[in-house]
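Trainee:
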Amino acid sequence: MIRTEEMLLNVGPQHPSTHGVFRLVIKIDGEMIIDAKPVIGYLHRGTEKIAENLQYTQIIPYTDRLDYLAAMTNNYVLCHAVETMMELDIPERAEYLRIITMELGRIASHLVWWGTYLLDLGATSPFLYAFREREMIINLLNEISGGRLTFNYMRVGGVKWDAPDGWIEKVKAFIPYMREQLAGYGDLVTGNEIFLNRVKGIGQYTKEEAMDYSLSGANLRCTGLAWDLRKSEPYSIYDRFSFEICTADTGDAWGRYQVRIQEIEQSLRILEQAVEQFPETGEVMGKVPKVIKPPKGEAFVRIESPRGEIGCYIASEGKKEPYRLKFRRPSFYNLQILPKLLVGQNMANLIAILGAIDIVLGEVDG
Amino acid sequence: MFGLAKGLKYTLKNMTRKKLTYDYPNEPLPLPDRFRGIQKFYPEKCIVCNQCANICPTDCITLTGKKHPDSSKRGKIIDTYDINFEICILCDLCTEVCPTEAIIMTNQFELAEYSRDELFKDLVWLDENDTQLRKENKA
Amino acid sequence: MIEGLLTSEATWLHFFIYFALTVLLLFIVLGFVTYAILAERKVMGFMQLRHGPNQVGGRWGLLQTVADVLKLLIKEDAIPRAADKPLFILAPLIAFTPAFMVLAIIPFTDRFQFADIGVGLLYYIAVSGITTVGVVTAGWASNNKYALMGAMRAAAQMISYEIPLVMSVIGVILLTGSMNLNDIVLAQENGWYILWQPIAFIVFFIAAVAELNRVPFDLAEAESELVAGYFVEYTGFRWAFFMLAEYVYMFAMSALITVVFLGGWLPLPYLGFIPGAVWFALKFMVVIFLLIWFRVTFPRIRADQLMEFGWKVLLPVAIANIFLTALLKEWINLF
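Chains as they are written, first to last, in the numbering used here: chain A, -11 to 354; chain B, 2 to 140; chain C, 689 to 1023.
#1: By Cβ distance, which residues of its chain are closer than 6 Å to R37/B, with the 5 residues on each side in sequence left out?
#2: For L1022/C, collect the residues of the same chain with a Cβ closer than 7 Å to its Cβ; drop the 5 residues on either side in sequence, then sort them by chain order.
#3: For F229/A, which of helix, strand or coil comes out of DSSP?
#4: Could you check whether the Cβ of W242/A sits closer than 8 Å to any Cβ belonging to chain B?
#5: Where does S220/A sit, in a helix, a strand or coil, going by DSSP?
#6: With 8 Å as the threshold, decide whether the Cβ of L978/C is near any Cβ in chain A.
#7: Who are Q40/B's beta bridge partners in DSSP?
#8: Give the secondary structure of N665/C by DSSP, where H, G and I count as helix, E and B as strand, and everything else as coil.
#9: Just the Cα atoms here: how many angstroms apart are N(-2)/A and P327/A?
#10: Mind pulling the chain C residues with CB within less than 7 Å of F183/A?
#11: Have a look at V757/C and A698/C and give me their C-alpha separation to the nearest angstrom.
#12: Which residues does DSSP pair with K68/B in a beta bridge?
#13: Just tell me which of L5/B, Y115/B, P33/B has its CA closest to the CA of G134/A.
#14: For a test of the three-state rule: what should DSSP assign to Y82/B, helix, strand or coil?
#15: With DSSP run on the structure shown, which of helix, strand or coil describes I302/A?
#16: Using only the alpha-carbon positions, how far apart do P58/B and E97/B sit?
#17: With 16 as the cutoff for other CB atoms within 10 Å, does Q743/C come out buried or exposed?
#18: Would you mind sorting A6/B into buried or exposed? The rule is 16 or more other CB atoms within 10 Å of its CB.
#19: Measure how close the beta-carbons of R209/A and T235/A come, nearest whole angstrom, since I'm counting them as under 8 Å.
#20: Looking at C-alpha atoms only, which residue of D24/B, L21/B, T17/B, I48/B is the closest neighbour of I104/B?
#21: Here's the rule: buried if 16 or more other CB atoms are within 10 angstroms of the residue's CB, otherwise exposed. What is F949/C?
#22: Quickly, what does DSSP pair T63/B with across the bridge? List them, please.
#23: What does a CB cutoff of less than 8 Å around V920/C pick up in its chain, not counting 5 residues either side in sequence?
#24: Tell me, please, whether the CB atom of Y44/A is closer than 8 Å to any CB atom in chain B?
#25: Between the alpha carbons of L956/C and V790/C, how many angstroms are there, rounded?
#26: What is the C-beta distance between S224/A and E83/A, in whole angstroms, given that I count them as a contact (C-beta under 8 Å)?
#27: What residues from chain A crowd round R35/B, counting only those whose CB sits closer than 8 Å?
#28: Say yes only if the C-beta of G865/C is nearer than 7 Å to one or more non-hydrogen atoms of the ligand MN, and no if none qualify.
#29: Taking Cβ positions only, does D93/B come closer than 8 Å to chain A?
#30: Once the 5 residues before and after T797/C are set aside, which same chain residues still bring their CB inside 7 Å of it?
#31: Any Cβ of chain C within less than 8 Å of the Cβ of G8/B?
#32: Could you pull the DSSP bridge partners for E297/A from this structure?
#33: Can you have a look at E909/C and say buried or exposed, based on whether 16 or more other CB atoms are within 10 angstroms of its CB?
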């Protein structure tokens, strides 16, 4: 009888496929995983604690650094929470600018996911193709906000800058271009048999399990549950646009892939309508008191970030700084299901499963 | 097999496409006017109101003022003004609050130094940093 | 010429001529490796909308690989303390020596071949298998879990794909009636074996890519899973030896595919005035380009699917091809 031993393997914190400093302690028998334990906190910066000593405007640059691939949605969730507490009115034009930048950010974030996921699966080229398109989005956002990654664009009561001349036209021109490229992505990856064999049936869970683990975003919608806060609980002016909630019914990595690719399409649809309806003139900053002091009380808002439901809870004592600020960071919650999915899989599937969850470590560790 | 062939066709088609990389260190990166780069400081415009130091999320600005040498005028003038670029996140909030536009952003972003101490920029350095200034500074 | 030298009188002069020719081949191979790496990076770059290396050695980066090799040579030779030191040092040698040994039997033109042995094809496949021993040794001696897993994958992959590789060329051997590579080339006067043995070519090509550990079969060094696989602990010139072995194999395997399926140095009809060496180089480059093209396009196959594919698809297809070829041969002989 051959005696075999289990092996303890540290995947990460420095590993090419953990997307940052995520550590996974796995027990393997051969290549089969029998136990997995995620270890997080290598990128913990204590954003929530730091925020307790900052004015609300000062917190906005910090939110950029949570989910650094979709900083616009993070900006928005904080501003939205403060605006909800202070019951501020946001000018029309500012709302549109917010929607356009957030949807551009969503596409950029999904593109990064698409590229890095394929990189995890061993294909090098999709990453560069995805970054070609992302670069265009980043340039657009750079033009409007002055930043390429940490935009710091939104403010309580509106947005910092109005769109520069010709910017809306550039967004308009980008939409058909992106559609065309998306078809190319389909040629390159979506029909590829090797890819399909890698993702189909991998990391499968049911709708009930997804809800038990409080998953959100594409991780939830891949099980067939049509839950997208942009539609289910419309915030901002999302109720003015017609778009669909993308779902898949497989609940596996392939489902998550399909959902995200479709979401790019739906975001393009929203963008198309938003640039069409974009008001010609108007303010981009509402009437906001000089010093932002939300009234005593608390508020919780949640919106749909590219990774799932991002929530912001503010407890205020009526001061310039929040008494307590808490972000519901979707990557952190989505990551919880990982150990359950990994048991019984092999090493190659580990990467496919982890990649499909789409975590951003800045957000997981907070 | 068909899917693999389509992928091969896609990559082959891209082979002759235009290259998208920047020839970066040889040619400067094209950046929009609003780009947030290293600040430029105008000592003569500064009224020592301390708003920039207060709004800075990372507390990287330290400044001191002194009495106006011309005793007939009121107010203060700037004495020292330092920005610690080790912790500055170029968030643009200091230029946003400045009432006199004494501090504005430039399009420069190259901050690599051999020593950490060199990242501590003082008034003179920030004053002399006067290329690629941002034209539009107030939204 | 070389054949004449081997059978001629054993004098110092003949020895030195022979030696000089082998050194010439060595430099051709090293030159090839240098520029194959560059070509790979350039083609990959172009397909990925980049320029690839363009700093060292002019616009085309012609000296980039030379600079890389120099850098590797002056790197510190680090051996992990917990590694099995003798094996750790031995492993790169075991891996790369067979890579050069197989070059001896490749007929580059009708005259430029170093050893014209009767079982050339078998020799190639047998000797190239030794490299896997070096890979497993490297993985074991590194005392690193990722390296060990990479080595195990390499061994499993080698065993699974060596068999369809051999099985697929049996069709060619049946048609030729010989395992001698010269005979195989000469038997293709009436049409290359890619036309007579398309199934064998496809199976052989897939198995060859797997043997070369290249995308989509690069499981042994799967960067995103195993960091770098079996050579994760190697640096400097020891690591360079593994890379050298890999690219020399790429050279040898492409040459073998050219010889066995693409008619070696034989010209296309009516174009006989172009020398055989040029034809060989052209066909050879097409194979290399294919390998690079695959690398740019495909994701990696999963380990268990790789085994399934090897045993359940490639092997039966290869065996069926043998029967088909045997039937065809009988049938053709009837007419």
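Positions of the beta carbon are idealized from the N, C-alpha and C atoms, including for glycine.
Mentor: Judging by the given coordinates:
#1: As a working note, residue 37/B is residue 36 in the second sequence. Excluding residues within five positions, the ones whose Cβ falls inside 6 Å are L91, D93, M106.
#2: Mapped onto the third sequence, residue 1022/C falls at position 334. Caution applies to L1022/C, whose pLDDT of 47 falls short of 50 and renders its modelled position unreliable; the model cannot decide the point.
#3: Residue numbering aside, residue 229/A sits at position 241 when the first sequence is read from its first letter. It is coil, neither helix nor strand.
#4: Taking the first residue of the first sequence as 1, we reach residue 242/A at position 254. By this cut-off, W242/A is not an interface position.
#5: Taking the first residue of the first sequence as 1, we reach residue 220/A at position 232. Helix at S220/A.
#6: For the purposes of this step, residue 978/C is identified with residue 290 of the third sequence, where counting begins at 1. Not one chain A Cβ lies under 8 Å of L978/C.
#7: In the second sequence, the residue the question calls residue 40/B occupies position 39. In DSSP, Q40/B forms a bridge with M106/B.
#8: Since the first and last residues shown for chain C are 689 and 1023, residue 665/C lies out of range.
#9: Locating residue -2/A in the first sequence gives position 10, counting from the first residue. Locating residue 327/A in the first sequence gives position 339, counting from the first residue. About 14 Å.
#10: In the first sequence, counting from the first residue as 1, residue 183/A sits at position 195. Near F183/A (Cβ distances below 7 Å), the residues of chain C are P987.
#11: Taking the first residue of the third sequence as 1, we reach residue 757/C at position 69. Taking the first residue of the third sequence as 1, we reach residue 698/C at position 10. When rounded, the distance between both Cα atoms is 38 Å.
#12: Within the second sequence, the letter at position 67 stands for residue 68/B. DSSP lists K77/B as partners of K68/B.
#13: Position 146 of the first sequence, counting from 1, holds the residue named residue 134/A. G134/A has its Cα closest to that of P33/B, out of L5/B, Y115/B, P33/B.
#14: Translated into the one-based positions of the second sequence, residue 82/B becomes position 81. Reduced to three states, the DSSP call for Y82/B is strand.
#15: For the purposes of this step, residue 302/A is taken as the residue at position 314 of the first sequence. The three-state reading of DSSP puts I302/A in strand, counting E and B together.
#16: The count along the second sequence starts at 1 and reaches residue 58/B at position 57. The count along the second sequence starts at 1 and reaches residue 97/B at position 96. The alpha-carbon atoms of P58/B and E97/B are separated by roughly 13 Å.
#17: Taking the third sequence and counting its residues from 1, the one referred to as residue 743/C is at position 55. Exposed, since its Cβ has fewer than 16 Cβ neighbours within 10 Å.
#18: For the purposes of this step, residue 6/B is taken as residue 5 along the second sequence, with counting starting at 1. By the neighbour-count criterion, in which 16 or more other beta carbons inside 10 Å mark a residue as buried, A6/B falls on the exposed side.
#19: Taking the first residue of the first sequence as position 1, residue 209/A is located at position 221. Taking the first residue of the first sequence as position 1, residue 235/A is located at position 247. Between T235/A and R209/A the Cβ distance is about 5 Å, and since that is below 8 Å, they are a contact.
#20: Sequence index remark: in the second sequence, residue 104/B carries index 103 (1-based). Checked all of D24/B, L21/B, T17/B, I48/B; the closest Cα to I104/B is I48/B.
#21: Mapped onto the third sequence, residue 949/C falls at position 261. By the C-beta density criterion, F949/C is buried, having at least 16 other C-beta atoms within 10 angstroms.
#22: By 1-based counting over the second sequence, the position of residue 63/B is 62. Paired residue(s): D83/B.
#23: Position 232 of the third sequence, counting from 1, holds the residue named residue 920/C. Result list for V920/C: S830, N832, Y834, A835, G838, L914, in chain order.
#24: Start at 1 with the first residue of the first sequence, and residue 44/A comes out as number 56. Not closer than 8 Å to any Cβ of chain B, the Cβ of Y44/A fails to qualify, so no.
#25: The residue labelled residue 956/C in the question sits at position 268 within the third sequence. The residue labelled residue 790/C in the question sits at position 102 within the third sequence. C-alpha separation (whole angstroms): 27 Å.
#26: Numbered from 1 along the first sequence, position 236 holds the residue referred to as residue 224/A. Numbered from 1 along the first sequence, position 95 holds the residue referred to as residue 83/A. Yes, S224/A and E83/A are in contact; Cβ-Cβ is about 6 Å, under 8 Å.
#27: What you label residue 35/B is simply residue 34 of the second sequence in a count that begins at 1. The contacting residues are N130, E131, I132, S133, G134, W149, P152.
#28: Among the components modelled here there is no ligand, and therefore nothing to report on the ligand MN.
#29: Within the second sequence, the letter at position 92 stands for residue 93/B. For D93/B, at least one C-beta of chain A is nearer than 8 Å to its own C-beta.
#30: On the third sequence, position 109 is the one that residue 797/C refers to. The answer, listed in chain order, is W953, G964, A965, F968.
#31: Counting from one through the second sequence, the residue named residue 8/B turns up at place 7. Answer yes: the Cβ-Cβ gap between G8/B and chain C drops below 8 Å somewhere.
#32: For the purposes of this step, residue 297/A is identified with residue 309 of the first sequence, where counting begins at 1. E292/A.
#33: Along the third sequence, one-based indexing puts residue 909/C at 221. It counts as buried.
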